[in-house]
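With positions in the sequence shown counted from 1, the corresponding number in this note's numbering is that position plus 933.
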Amino acid sequence: DGGKKSGVNGGAIAGIVISVLVVGALIAFFLLKKKSRKSSHTDIEKMENQPFASLASQPQELKSVQAFQIPPAVNLKPPPMERHKSFVDDDDDNISAKPVVPKKISVAPTNVISYSIADLQIATNSFSADNLIGEGSTGRVFRAQFEDGKVVAVKKIKPSALGAGENFIDIVSDISRLRHPNVTELVGYCCEHGQRLLVYEFLKNGSLYDFLHLSDEYSCKPLTWNNRVKIALGAARALEYLHEVCSPSVIHKSINSTNILLDSELNPHLSECGLASHVPDAEQELDSSAPEVSMSGVYTVKSDVYGFGVTMLELLTGRKPFDSSRTRSEQSLVRWATPQLHDIDALAKMVDPALKGLYPVKSLSRFADVIALCVQPEPEFRPPMSEVVEALVRLVQRTNMSKRTVGNDVRPDSEGEP
């Protein structure tokens, strides 16, 4: 019985041990499984939070992350400066894009001739003093004759005359567009070797200033009253064209007898048209300048009207706009003449002696009335040139209807105008 009991106890002990081991194994299995799940979840979080390079640097995980590796830096190319635009995003890009302003391209005008400096030097005999026919604030004018006999006037512009940044081809283009019977025609230009020259039609009788004030050469052929009125009307039409036909308006800035040229039939041609807008105001002539120009330097179309009135005074009196050789009270033509324009007796004494009394009195009076309007001190009271033209046209028509002539001149007693 003792051996049997001992065997039973041993079997019980063995069963208990086996049960404990099985239970322990099961507990260990569940613990390991739980730990494995937790570890796997932690690794996933680390993979999500770590950069690819950090993952790739762990040898044990190298194979599992090879698909995430960045190629070596040496193989990287910089991004393109500008991506290709689709039709859809073009509009969006254009909204914020800075507008591109095309650069102005100067194109030489085709209606005038481009002369070489060599040809002009030959035609002017190297711009000799013998061929000098005029000089102003912007340069000198020379007579030029080509081998075929053609004669032109060449204006050699001073380097300092034009404003800074002015393109000479643009200036030529602007002037070449001015076409009127009473505007001096530009026929060509030259801009070689730093020279800037304008080539105009040549007018053989020179300037109105020459006819009125250079007695030694022109006293034998003084201007008649009819010619003076014709010259005033033609010059007025030229200014009307510049002010009221051209768009934008062209301000001459230098209306005086020097810039009114006469052809073989004494028809007037206004010169320097279109050039003054490219010349600094300080370079302009001041002898015939309006009061507002002398004070502020500001030019308007009404400043031109004033200058035209001064030129009409020259035609009426034969005097210069300013003459230092006269007594102080008579040196300034406008100051001396303006108070007398509506006094018939004083007006008769003001008339150019070269006319020798050959003019219609009423025509003279109406001529003086136009002058008085043009030389008003206040610009707003001066008439537009279209009204000046109308007044001079009526004056000519009335004179032609009633004049009694001796040759080409009108007797002073011819006062039958309506």
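Beta carbons: idealized from backbone N, C-alpha and C, even for Gly.
Predicted, not measured: the structure shown is a model, and the values here were computed from it.
Item, Value
"Length at least 4, wholly inside the stretch 1144-1198: the alpha helix (DSSP H) runs in chain order", "1148-1151 and 1158-1173"
"Close Cβ partners of Asn1171 (< 8 angstroms) along its chain, the five nearest in sequence each way excluded", "In the sequence under discussion, the amino acid at residue 1171 is Ala, which differs from the Asn named in the question. The answer, listed in chain order, is His1113, Asn1115, Val1116, Pro1201, His1202, Leu1203 and Cys1206."
"Residues of its chain near Glu1099, where Cβ-Cβ distance is below 7 angstroms and the 5 sequence neighbours each way are ignored", "His1211"
"Three-state class that DSSP yields for Arg1073 in the structure shown", "strand"
"Among Ile1050, Lys1154 and Leu1280, nearest to Ala1287 - alpha-carbon criterion", "Lys1154"
"Start and end residues, alpha helix (DSSP H) containing Ala1305", "Val1294 to Cys1307"
"Under 7 angstroms between C-beta atoms of Ser1222 and Pro1254", "no"
"Cβ shell of Ile949 (< 7 angstroms), same chain only, five flanking positions each side left out", "none"
"Nearest residue (CA-CA) to Lys1089, options Lys1083, Asp1107 and Leu1053", "Leu1053"
"Glu1134, DSSP secondary structure in three states", "strand"
"Rounded distance between the beta-carbons of Val1267 and Val1243, thought under 8 angstroms", "6 angstroms"
"Beta-carbon separation (whole angstroms), Thr1250 vs Asp1276, contact threshold 8 angstroms", "Their Cβ separation, rounded to whole angstroms, is 14 angstroms, which puts Thr1250 and Asp1276 out of contact at 8 angstroms."
"Cβ contact (3+ pairs, closer than 8 angstroms) linking the stretch 1229-1237 and the stretch 1169-1186", "yes"
"Identity of the residue in Ser1140, Gly1167 and Pro1293 nearest Ser1319 by Cα", "Gly1167"
"Outcome for Leu1291 when other beta-carbon atoms lying within 10 angstroms are tallied against a minimum of 16", "buried"
"CB of Asn1064 within 7 angstroms of CB of Thr1071, strictly", "no"
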